[in-house]
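Chains A and B are the protein sequences, given in the same order. Using my numbering, you'd call the opening residue of the first sequence number 1 and step up by one each time. Using my numbering, you'd call the opening residue of the second sequence number 1 and step up by one each time. We put the CB at the ideal spot given by N, CA and C, even for glycine. What follows is one structure encoded as C-alpha cells, with my remarks underneath.
2 protein chains.
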Amino acid sequence: MASYPAYDSIRRIGVLGTGTIGASWATYFLAHGFEVDAWDPGEGWRERLIAFIDNAWPAMEALGLAPGADKTAIRFHDNPGDAVAQAGFVQENAPEKLDVKRDLYRRIDNTLPSQAILSSSTSGLIMSAMQDGFASAGRFVVGHPFNPPHLIPLVEVVAGKDTDPAAVDWSIGFYNHIGKHAIRINKEVPGHLANRLQAALWREAVLAVKDGLASVEDVNAAVAQGPGLRWALMGPHMIMNLAGGKGGYRQMIDHFSPGIAEWWETMTENPRITPELADSLIAGVAEEAGERSIDDLEEERDERLIRLLTMLKETAR
Amino acid sequence: MASYPAYDSIRRIGVLGTGTIGASWATYFLAHGFEVDAWDPGEGWRERLIAFIDNAWPAMEALGLAPGADKTAIRFHDNPGDAVAQAGFVQENAPEKLDVKRDLYRRIDNTLPSQAILSSSTSGLIMSAMQDGFASAGRFVVGHPFNPPHLIPLVEVVAGKDTDPAAVDWSIGFYNHIGKHAIRINKEVPGHLANRLQAALWREAVLAVKDGLASVEDVNAAVAQGPGLRWALMGPHMIMNLAGGKGGYRQMIDHFSPGIAEWWETMTENPRITPELADSLIAGVAEEAGERSIDDLEEERDERLIRLLTMLKETAR
Numbered sequence: 001m002a003s004y005p006a007y008d009s010i011r012r013i014g015v016l017g018t019g020t021i022g023a024s025w026a027t028y029f030l031a032h033g034f035e036v037d038a039w040d041p042g043e044g045w046r047e048r049l050i051a052f053i054d055n056a057w058p059a060m061e062a063l064g065l066a067p068g069a070d071k072t073a074i075r076f077h078d079n080p081g082d083a084v085a086q087a088g089f090v091q092e093n094a095p096e097k098l099d100v101k102r103d104l105y106r107r108i109d110n111t112l113p114s115q116a117i118l119s120s121s122t123s124g125l126i127m128s129a130m131q132d133g134f135a136s137a138g139r140f141v142v143g144h145p146f147n148p149p150h151l152i153p154l155v156e157v158v159a160g161k162d163t164d165p166a167a168v169d170w171s172i173g174f175y176n177h178i179g180k181h182a183i184r185i186n187k188e189v190p191g192h193l194a195n196r197l198q199a200a201l202w203r204e205a206v207l208a209v210k211d212g213l214a215s216v217e218d219v220n221a222a223v224a225q226g227p228g229l230r231w232a233l234m235g236p237h238m239i240m241n242l243a244g245g246k247g248g249y250r251q252m253i254d255h256f257s258p259g260i261a262e263w264w265e266t267m268t269e270n271p272r273i274t275p276e277l278a279d280s281l282i283a284g285v286a287e288e289a290g291e292r293s294i295d296d297l298e299e300e301r302d303e304r305l306i307r308l309l310t311m312l313k314e315t316a317r
Numbered sequence: 001m002a003s004y005p006a007y008d009s010i011r012r013i014g015v016l017g018t019g020t021i022g023a024s025w026a027t028y029f030l031a032h033g034f035e036v037d038a039w040d041p042g043e044g045w046r047e048r049l050i051a052f053i054d055n056a057w058p059a060m061e062a063l064g065l066a067p068g069a070d071k072t073a074i075r076f077h078d079n080p081g082d083a084v085a086q087a088g089f090v091q092e093n094a095p096e097k098l099d100v101k102r103d104l105y106r107r108i109d110n111t112l113p114s115q116a117i118l119s120s121s122t123s124g125l126i127m128s129a130m131q132d133g134f135a136s137a138g139r140f141v142v143g144h145p146f147n148p149p150h151l152i153p154l155v156e157v158v159a160g161k162d163t164d165p166a167a168v169d170w171s172i173g174f175y176n177h178i179g180k181h182a183i184r185i186n187k188e189v190p191g192h193l194a195n196r197l198q199a200a201l202w203r204e205a206v207l208a209v210k211d212g213l214a215s216v217e218d219v220n221a222a223v224a225q226g227p228g229l230r231w232a233l234m235g236p237h238m239i240m241n242l243a244g245g246k247g248g249y250r251q252m253i254d255h256f257s258p259g260i261a262e263w264w265e266t267m268t269e270n271p272r273i274t275p276e277l278a279d280s281l282i283a284g285v286a287e288e289a290g291e292r293s294i295d296d297l298e299e300e301r302d303e304r305l306i307r308l309l310t311m312l313k314e315t316a317r
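This is the structure we're talking about:
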C-alpha cells in the first residue's frame, strides 16, 4: 500500500482536458484555493478556459470562496506530462474514448508524482480497461462528477482492477475535504450509479410520452412539482422511510411495496427512440421553453441551484 | 356537457376522509380562504383534524395565507351526504379500497350539488371502476396529490370512462386557480404518472443495494447530492434538453441516447424484496438517520421544503 499525502499538503491540481467538465472542475479547484496546472490539446483552449472561469466565478463567490482563492492561479502547459509533474492530485477530463484516454495516460505515466492520484471524470468507461498496463495504474480512480461540477456536490469514486484500495479511500476523503460529496461505488458497471438512477427515471419519462400518458411539459411537472422537490432534500430510500409514517421504512415495505412491485411488472419496456418520438420530445420541451434560449434556461437553472445549495447549507443539521 | 361554476364562486369545499391526506388537503383549502365541510367515520377525528391543522398552520403562514384565511372555518358533519350538500367542490380521501370508496359514493350521490365536482385523492385505484353506476359519475375525477398535499404543488387529474371531459378541464383549472400545479393524465394506469416515475427510480435504488453497488446512504446521496438537486428545478425532459449543450434535446438524443439505451438493457430486473433485503434497506436508513427520529426527519424535510418552495416562487420567470 502506497502512502498518500496529507490533504492539507496539496497545493497544485492538474486538470487534463478543459472542455465543459474540465473547465468546471478547474473553476471549482481555484475557488477552493488551489493552483491549477491545466492542459488541453484544443486550439484556443486557454482563452476558452479563462472565459469559462470568468463566467462561473460570480457563482463561486456566491457560494463562498476559500481564503486566498485566485481565479488567475492557473499554469497553462503545452503537454500533459508537464501539467501533472508538480501536481498533488490530477483530475482527468479527456474525451470519452478508451484509446484517447489511454494515449493520454501513456503521456503522463512517467511524470505523475509517486504519491499523486489521477482521478478520471469518465461517465461511460471502465477504469479496469483504462488503467491496464500503466506503471501508475494503482493510483488511477474514477472520480465522476455531475454536471456542472463547480455547482453539484456529487462525485462517484470507483476503483479499477489494479487500483490500490487505499487510493479510493484517499480520494473519497480528499473530495469531501474540499467540499464535494463523494460516494463509493463498489463495482464497475456502465453509468456508475447516479446516471443509472437518472436513466431509470428518464426511461419512464420517455415511455409516458410515447404511450400518450401525458405531455412532455406535464411529465416534467410530474417530477419538478412533485417528487423532485423531495429528491433535492433526501434520497429515494430516506423518502420511503418517511412514506411509512411513524412505522418508517419497514411499514412502507410491508404496506406499499407489494403494490409497487405490481407496477414494476408493467414497467419493463425499453423504448426505442424513433425519429418520430424524438421529434415529439423535442417539440415538447420547445413548447415549454417558449421564448427562453438554452442559455436562458441554463442561467435560470444555475441561479436557482446556487440558492438551493445555499439553503441546504444553511439548514444542515 | 354540464356547466360548471365560476372558480371565484366556490366558497365551501367538502373534505371526505380526514386521515393524513384529507387533513392536509383541509389545511390547504383553509389557508387559501375556503370554508371546509369535513366528514370522517373515525373515532376522535375532529380533534385529530384540528391538531393537524394547528400543527401545519405555521407552514401555511410562511408560504402566505389568502386574505381572510381562517383555520377554524370548518364544519364537522356526522355523515358524508351533509358534508357535500353545500359544497362547490369535494376532495375525497377515503381508504384505498374500492368497496369503501363505492360505499361512500353511494352515500353522497344524491346530495352532491348538480354543478359540484368530486375529486378523489386515490393513488392506486381506477376511476372507471370507482364511478361505475352512480348518477353523479360524470362529475367524478381523480385529483391525486403528492404527500404532503399542503406543501407539494402537484395534482394529477385523471378521468374515468364516465367522466365528462369538461369536468377534467374544470378541475385542472380550479386546482391551478387555487395555487396547485395540476397536470392531465390521459390514461388510467396503475400509479398514474408521478408515482410510476418515483417507482422507476426506487427500483434502481433497491437494485443498487441488492447488488452491492453502493450503501443505502450512498445511494441516497447519489440522488440528493446529484441529479435530485436538478429535479427540484426542472423535469427529466428539460434536464436532457440542457444535457445536450447548445444543441439542446436533439443533440442529447443523437449523442447520448444510444449509450443510455445500452444501460437500459442492463436495467430490466424487478427485485424481490426479501426479508434480508428489507433488513439491509431498513438498517441503511437507520444508520443514516442516526439520532434523528421520524418526527425530526419530517420536520427537517418540511422546513427545507418551505424554503425551497419560497425560493422557487421568488425566482419564477
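- Taking a C-beta distance under 8 Å as the contact criterion, I185(A) and E156(A) qualify as a contact pair.
- Counting along the chain, A38(B) sits inside the beta strand (DSSP E) bounded by residues 35-39.
- DSSP links Q91(A) through a beta bridge to V15(A), S119(A).
- Look at W202(A): its C-beta is under 8 Å from a C-beta on chain B.
- If you check the CB distance, L104(B) and S136(B) do not come in under 8 Å.
- H144(A) is bridged by DSSP to E156(A).
- The shortest CA-to-CA distance from W57(B) to any of E43(B), G284(B), D302(B) is the one to D302(B).
- Excluding the 5 residues flanking it on each side, W39(A) has same chain C-beta neighbours closer than 7 Å at L16, H77, N79, P80, A83, in chain order.
- Counting along the chain, the unbroken beta strand (DSSP E) around A182(A) starts and ends at 181-185.
- By the Cβ test, the stretch 226-245 of chain A is in contact with the stretch 221-241 of chain B, since at least three Cβ pairs between them sit closer than 8 Å.
- Contact residues of the stretch 246-265 of chain A toward chain B are K246, G248, Y249, R250, I253, S257, G259, I260, A261, E262, W263, W264, E265 (C-beta to C-beta distance below 8 Å).
- At a cut-off of 8 Å between beta carbons, I185(B) contacts chain A.
- D164(A) and G138(A) have their C-alpha atoms spaced approximately 5 Å apart.
- The beta carbon of S128(A) sits closer than 8 Å to those of G160, K161, D162, E188, all from its chain and outside the five residues before and after it, given in chain order.
- Taking the Cα positions, V206(A) is about 24 Å away from N147(B).
- Residue environment analysis places N110(A) among the exposed positions, since fewer than 16 neighbouring C-beta atoms fall within 10 angstroms of its C-beta.
- Residue state for R307(A) is assigned as helix, using DSSP reduced to three classes.
- In this structure K97(B) is exposed. Its beta-carbon is surrounded by fewer than 16 other beta-carbon atoms within 10 angstroms.
- Residue I117(A) holds the alpha-carbon nearest to the alpha-carbon of G14(A) among I117(A), F256(A), P41(A).
- The stretch 189-196 of chain B makes no contact with the stretch 25-37 of chain B, as fewer than three CB pairs between them are under 8 Å.
- In this structure, DSSP gives R75(B) an extended state, which the three-state scheme calls strand.
- Under the 8 Å criterion on CB atoms, I126(B) is classed as non-interfacial with respect to chain A.
- Here DSSP, grouped into helix, strand and coil, assigns Q131(A) to helix.
- Of all residues in the stretch 215-236 of chain A, those with a C-beta nearer than 9 Å to a C-beta of chain B are S215, V216, E217, D218, V219, N220, A221, A222, V223, A224, Q225, G226, P227, G228, L229, R230, W231, A232, L233, M234, G235, P236, reading in chain order.
- K71(A) and G22(A) have their C-alpha atoms some 15 Å from each other.
- With contacts defined by Cβ atoms closer than 8 Å, L151(B) and T310(B) do not form a contacting pair.
- Excluding residues up to 5 positions away in sequence, V223 lie with their Cβ nearer than 8 Å to the Cβ of L201(A) in the same chain.
- The C-beta of M60(A) comes no closer than 8 Å to any C-beta of chain B.
- Separation of E314(B) and M234(B) (C-alpha to C-alpha, rounded to the nearest whole angstrom) is 16 Å.
- Linking G33(B) to D132(B) through their CA atoms gives a straight-line distance of about 33 Å.
- Counting the other CB atoms within 10 Å of its CB gives R292(A) a total below 16, which places it among the exposed residues.
- Here Q198(A) carries a helix assignment [DSSP, helix/strand/coil].
- Excluding sequence positions up to five before and after M267(A), its CB lies within less than 8 Å of the CB of E204, L207, all in the same chain and listed in chain order.
- Only residues of its own chain outside the window of five on either side were considered, and among them I21, S24, W25, Y28 have a CB closer than 7 Å to the CB of P149(B), listed in chain order.
- Within the same chain, and ignoring the five residues on either side of K180(B) in sequence, the residues whose Cβ sits closer than 6 Å to its Cβ are P153, V155.
- Here R317(A) carries a coil assignment [DSSP, helix/strand/coil].
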